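In my numbering, the protein residues as written are 5 to 92. Glycine residues also receive a C-beta, built at the ideal position from the N, C-alpha and C atoms. From a predicted model like this one, the values you see are computed outputs, not experimental measurements. Taking it in order: structure first as structure tokens, then the write-up.
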Amino acid sequence: MLFCILMDLIGYATYSIPFLGEFGDLLWAPISAVIFYKTFGGWRGAFGGIFNFVEELLPFTDFVPSFTIMWLLKSKFSFLSGFKIAKG
Numbered sequence: 005m006l007f008c009i010l011m012d013l014i015g016y017a018t019y020s021i022p023f024l025g026e027f028g029d030l031l032w033a034p035i036s037a038v039i040f041y042k043t044f045g046g047w048r049g050a051f052g053g054i055f056n057f058v059e060e061l062l063p064f065t066d067f068v069p070s071f072t073i074m075w076l077l078k079s080k081f082s083f084l085s086g087f088k089i090a091k092g
């Protein structure tokens, strides 16, 4: 959970840099998407990675905690089969 919160906080950090924040999103979006996919794996990780990539690129959407939402789905709603955090 702490890792997911940290990833979301890094995404929020671009708001702290006026006018340059959206440029930071151009750099962070692909990195974040790959980390998302590697963390959650499978088709859900791929779908979430694409969602995360788009969310980071779109202006004023950095507040969506993508990593934390997926972690909650995986851990608190485990009855939804297939939500597993990939190892390694």
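Element boundaries [alpha helix (DSSP H), containing Pro-34]: Unbroken alpha helix (DSSP H) run through Pro-34: 25 to 44.
Endpoints, the alpha helix (DSSP H) within which Ser-79 is located: For Ser-79, the enclosing alpha helix (DSSP H) begins and ends at 70 to 80.
Going by C-alpha to C-alpha distance, which of Gly-46, Leu-10, Leu-13 and Asp-29 sits closest to Phe-64? Cα-wise, what sits closest to Phe-64 is Asp-29.
Could you round the C-beta distance between Phe-40 and Gly-49 to whole angstroms and report it? I think they count as a contact, below 8 Å. 6 Å
Residue range of the unbroken alpha helix (DSSP H) whose run includes Phe-7: 6 to 16
Nearest to Gly-25 (by Cα), restricted to the options Cys-8, Lys-42, Phe-67 and Gly-52: Ranking Cys-8, Lys-42, Phe-67 and Gly-52 by CA distance to the CA of Gly-25 puts Phe-67 first.
Outcome for Met-11 when other beta-carbon atoms lying within 10 angstroms are tallied against a minimum of 16: buried
Between Cys-8 and the rest of its own chain, which residues show a CB-CB distance below 6 Å, the 5 nearest in sequence each way excluded? Phe-71, Thr-72 and Trp-75
Could you give the distance in angstroms between the alpha-carbon of Met-5 and the alpha-carbon of Phe-23? 30 Å
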